[in-house]
Amino acid sequence: MLHHQVSTRGAITVLVYMLLQGCTDTTVQYYGPITLPIDERNELHISTYPADFPDQEAHIPFLYRRLRTPDQVYFQVFVREKGKEAGHNPNIESIEIRSFSYQFPSQEPTKLISDCDDNFWMQDQPNCNPSGSEPIPFNEHWYLQVQIDMTVNGVDYRFDERIDANTRRSFRPLILWALQ
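Following my numbering from start to finish, the sequence shown increments by one per residue and tops out at 167.
See the structure below:
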């Protein structure tokens, strides 16, 4: 019984300490994501991820740290098994992404992929865009259009979709941030 009281008190003490100590406020900026049905077994998932690690915007030692990802993102395109977040897609017999581009309103499209035979592509990786490409500017008041032209298992697909800007905020105890 004494051991149970000690562990309960210890757990409560740690919880109170974590609640009283400082916090990290992190803002992640991104466009999308969007998921579009291709056929009964596959779906197209287009998302973005930050172009770099978060920058520190404010800091009060031991009390508060505010971080924000840069105002640039990279694209990610994934033809995945319907309902699955990650992993190999056993339903792909053949795939060709002829083109993938994005454009901001009133601007010309920027092509990122040409003739890619992978079902997963990340913008900052050399496959399917050997000349590389610059990160996409982010503005929380913007949206962009994405166009993709591809063939999956012998069937042609074309999508032209709007992707809105989003931000996600999270708060964590500073101790957890320091332990990373």
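Beta carbons: idealized from backbone N, C-alpha and C, even for Gly.
Computed from a predicted structure; not experimentally measured.
Classify residue 161 as helix, strand or coil using the three-state DSSP reduction. helix
Nearest CA to the CA of residue 145: which residue from 75, 9, 87, 37? 87
Where the beta strand (DSSP E) through residue 45 begins and ends: 42 to 47
Which word fits residue 23, buried or exposed, when buried means at least 16 other C-beta atoms lie within 10 angstroms of its C-beta? exposed
What three-state label does DSSP hand residue 79 in the structure shown? coil
Which residues in the same chain have their Cβ closer than 6 angstroms to the Cβ of residue 158, if we skip the five residues on either side of it in sequence? 10, 12
Would DSSP call residue -2 helix, strand or coil? helix
Spatial neighbours of residue 101 in its chain, beta-carbon cut-off 8 angstroms, leaving aside the 5 residues before and after: 85, 86, 115, 116
Per DSSP, what are the beta-bridge partners of residue 114 in this structure? Answer is none; residue 114 lacks a bridge partner.
Grab me the residues of residue 60's own chain with a C-beta within less than 8 angstroms of its C-beta, minus the 5 sequence neighbours each way, in chain order. 16, 17, 18, 35, 36, 37, 38, 122, 123, 125
In whole angstroms, what is the alpha-carbon distance linking residue 43 and residue 106? 35 angstroms
Using the beta-carbon count (16 or more within 10 Å), is residue 56 buried or exposed? buried
Considering only residues of the segment 123 to 162, which uninterrupted alpha helix (DSSP H) runs meet the minimum length of 4 residues and lie entirely inside it, listed in chain order? none
Less than 7 angstroms between C-beta atoms, sequence neighbours within five positions excluded: which residues of the same chain meet that for residue 46? 52
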